[in-house]
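Chemist:
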Amino acid sequence: MHRSSLRPPAVVALLVALIALVAAGCGGGGGGGNESADPAKIAPKNTLVWVTGQVRPEGGRKTAVESIAKKVLGVSDPGARIAQLLDKSIRDSGTKASFKDDIEPWLGRRAGVAVTTLGAGGSSQAALIVAAKDTGKAKQALPKLAAENGRKATERDYQGTKYWVSPNDNSVAGVVKDYVVLGTLPAFKAVVDASKGANLTQNSQYKPAGNDKLGSAWIDTKAIVGALGASGQIPGGGAALQGLIGAANQPITMTLAAAARQLTVEAISGVTRQAQSGKPNSLVPDLPGDAWLAVGLPNLGQTIRQTLDQIGSGVGAGLIETAQQQIRAATGLDLNRDILASLGEVAVFGQGSSILTVGGGVMIQTPDPAAARRLLSKIGPLIARQSRGSVRVGRASVAGATGLRFSTARIPGAINAVLRGNRMVIAYTDASTRAALAPRQTLSNAPSFQQASQSLGGAQPALYLAFAPLANLVSATGGANGARARQYLSAFTTLAAGSRVQGNQQVGRFVLSLK
3 MHRSSLRPPA VVALLVALIA LVAAGCGGGG GGGNESADPA KIAPKNTLVW
53 VTGQVRPEGG RKTAVESIAK KVLGVSDPGA RIAQLLDKSI RDSGTKASFK
103 DDIEPWLGRR AGVAVTTLGA GGSSQAALIV AAKDTGKAKQ ALPKLAAENG
153 RKATERDYQG TKYWVSPNDN SVAGVVKDYV VLGTLPAFKA VVDASKGANL
203 TQNSQYKPAG NDKLGSAWID TKAIVGALGA SGQIPGGGAA LQGLIGAANQ
253 PITMTLAAAA RQLTVEAISG VTRQAQSGKP NSLVPDLPGD AWLAVGLPNL
303 GQTIRQTLDQ IGSGVGAGLI ETAQQQIRAA TGLDLNRDIL ASLGEVAVFG
353 QGSSILTVGG GVMIQTPDPA AARRLLSKIG PLIARQSRGS VRVGRASVAG
403 ATGLRFSTAR IPGAINAVLR GNRMVIAYTD ASTRAALAPR QTLSNAPSFQ
453 QASQSLGGAQ PALYLAFAPL ANLVSATGGA NGARARQYLS AFTTLAAGSR
503 VQGNQQVGRF VLSLK
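Read in the numbering used here, the sequence shown has 505 at position 503, and its numbers run on one by one without any break.
1) Look at the alpha carbon of A461 and the alpha carbon of K191, and state the distance between them as a whole number of angstroms.
2) In angstroms, rounded to a whole number, what distance separates the CA positions of A219 and R93?
3) Once DSSP output is grouped into helix, strand and coil, what is the label at G248?
4) If you draw a straight line from the C-alpha of T359 to the C-alpha of W294, how long is it?
5) In terms of residues, what are the limits of the alpha helix (DSSP H) holding A487?
6) What do you reckon, are the CB atoms on F408 and V420 nearer than 8 Å?
7) My output table needs one value for A129: the three-state DSSP class, helix, strand or coil.
8) Tell me whether L265 is buried or exposed, calling it buried when 16 or more other Cβ atoms sit within 10 Å of its Cβ.
9) Are D288 and T431 closer than 8 Å when you measure CB to CB?
10) Is G459 helix, strand or coil when you go by DSSP?
11) Can you tell me where the alpha helix (DSSP H) holding I44 begins and where it ends?
12) Would you be able to state if there are at least three C-beta pairs under 8 Å between the region 112-128 and the region 75-90?
13) Report, in whole angstroms, the separation of the C-beta atoms of A143 and D180, which I expect to be a contact under 8 Å.
14) Mapping DSSP to helix, strand and coil, what is G228?
15) So, using beta-carbon positions, are L258 and A42 closer together than 8 Å?
16) For G239, does the three-state DSSP call read helix, strand or coil?
17) Which whole runs of the beta strand (DSSP E) in the region 409-453 are 3 residues long or more, in chain order?
18) When the Cα atoms are used, what is the spatial distance from K281 to V77?
19) Quick one: what's got a C-beta closer than 6 Å to K73's C-beta in the same chain, skipping five residues either side?
20) On a Cα-Cα basis, can you pick out the residue from A386, G62 and L75 that is closest to R488?
21) State the Cα-Cα distance for the pair Q207 and T309, rounded to the nearest angstrom.
22) Is it buried or exposed for I357, if we count other Cβ within 10 angstroms and need 16 for buried?
23) Three-state secondary structure (DSSP) at L467?
24) With H, G and I counted as helix, E and B as strand and the rest as coil, what does DSSP make of V77?
25) T368 by DSSP, collapsed to three states: which one?
26) Check whether the Cβ atoms of V348 and L299 lie closer than 8 Å to each other.
27) By Cβ distance, which residues of its chain are closer than 6 Å to S477, with the 5 residues on each side in sequence left out?
28) Are the region 449-467 and the region 495-505 touching, with three or more C-beta to C-beta distances below 8 Å?
29) Quick check: the Cα distance between V182 and F351, rounded to an integer number of angstroms?
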């Protein structure tokens with residue numbers, strides 16, 4: 003049986019080569035073959051996941067990638083450094099090959115990975131398709147790349163296409179038209195068939211990204227859910243999940259763009275039920291202005307309830323009823339009336355740039371303060387009982403909010419769970435609790451947060467991360483690892499993610515900004 007795990011020598015060598023070239027922007031053109039051929043033209047029409055990119059970017063994209071690589075890697079010549087790491091990876095794999103002699107002579111400008119089958123127990127199938135600028139040189143190099151520790155690859159044929167099987171029989175490699183193809187045998191055969199028949203570009207739902215993008219991905223969510231359901235990996239054959247995602251069963255298209263100080267991933271999909279309201283999380287802007295982490299979640303209680311209702315209408319009804327009874331017996335709380343009724347919008351935050359000042363917590367906009375009070379009244383005795391006295395439970399009163407304080411010998415500070423009006427805050431340290439309830443400055447007024455919002459096209463960040471305080475906090479752990487982590491983190495300024503509704507589509511953006 004051909005497994006989904008591809009043999010290290012051939013696959014690692016080529017994948018690392020692609021990453022190296024994208025990061026370094028090196029390499030050049032050559033004669034023969036078609037170095038700019040579109041790999042999607044031989045990817046199977048029913049491909050589930052398709053990821054493609056420019057192996058050797060040119061012009062402004064090349065300049066941007068080189069600039070980013072220099073900042074992140076901290077070296078003056080990232081191309082040379084990555085080439086060294088690449089050759090080491092090839093040597094470690096037991097393959098007597100090198101990038102300069104066995105990959106660069108035929109490597110084209112475009113590559114893609116096609117996932118053709120998703121199965122249980124590692125039986126998924128995938129293929130890497132790389133445009134070749136010289137197919138003759140590729141055919142000469144593949145037997146060497148497919149060999150392992152002195153063991154030769156086995157030459158075989160499928161529908162007139164020659165290919166080589168690795169010694170451990172986990173992956174194959176061959177030249178199909180103007181491309182080098184590596185992958186599991188079923189995926190390789192599917193690519194050969196597609197090269198002679200229907201391919202991904204003939205799929206009516208497939209939308210290729212523009213040539214101005216560094217990379218892109220296409221995910222057929224409906225087909226994936228169907229495949230997982232048919233294989234028994236989703237209870238009820240995937241019908242419940244299809245009902246939950248609603249319009250989001252449309253394919254998802256993602257693109258990657260690079261600028262000198264920014265990497266941007268944009269995803270376009272059908273509008274989910276939760277996103278149809280178009281309302282951003284109202285708590286994130288109210289978080290403390292010095293927060294270096296902010297994560298906003300939609301109406302959590304309602305989302306969980308809708309999910310449970312959907313699952314409970316099918317084969318999971320008995321399981322949910324049993325779970326509700328167990329929760330009631332263990333806590334005295336009703337799942338719907340007490341727990342889910344307490345949960346509205348949620349915002350998670352982290353703050354502090356040193357061991358002494360680190361803190362954070364969760365802010366919840368509760369739609370039912372009475373339910374939240376019942377929750378707090380029950381949760382204290384439950385934690386004290388379950389911890390067998392190792393967690394001390396007391397009363398807390400911070401910034402006009404009242405509730406519980408939890409402390410233990412294992413951590414220096416205490417965790418507060420307090421309620422004021424319709425705001426419930428669960429936070430580590432009194433300082434973070436107070437900052438959440440009565441911040442001196444809100445995140446909406448922080449310049450870095452405002453810039454992050456602008457980078458998202460005006461959408462409010464549902465995820466926000468500022469790297470400077472995080473780098474200081476990580477380096478405070480000391481040692482070589484802390485210093486190395488600080489070096490990498492210091493290259494970045496912010497990470498932001500958010501989405502907006504545009505007609506019947508949901509547009510999400512993920513932006514990583516650099517210094």
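All C-beta atoms, glycine included, are put in the ideal place defined by N, C-alpha and C.
Modeler: Here's the rundown:
1) 44 Å
2) Distance between the alpha carbons of A219 and R93 is about 31 Å.
3) Legend: pLDDT at G248 = 48, less than 50; position of this residue unreliable, no value from coordinates given.
4) Each residue's alpha carbon lies about 13 Å from the other.
5) G481 to L491
6) no
7) In this structure, A129 counts as strand in the three-state DSSP scheme.
8) Result: buried.
9) no
10) coil
11) Note, I44: premise wrong, no alpha helix (DSSP H); not H, not E.
12) no
13) Wrong, their Cβ atoms sit about 15 Å apart, outside the cutoff.
14) helix
15) no
16) Its pLDDT being 48, under 50, G239 is placed unreliably by the model, and nothing is read from it.
17) 417-422 and 425-430
18) Going from the Cα of K281 to the Cα of V77 covers about 44 Å.
19) A493 and L516
20) L75
21) Roughly 28 Å separates the two Cα atoms.
22) Exposed, because fewer than 16 other Cβ atoms sit within 10 Å of the Cβ of I357.
23) strand
24) coil
25) If DSSP states are grouped into helix, strand and coil, T368 belongs with coil.
26) yes
27) G484 and R488
28) Short answer: they touch.
29) 47 Å
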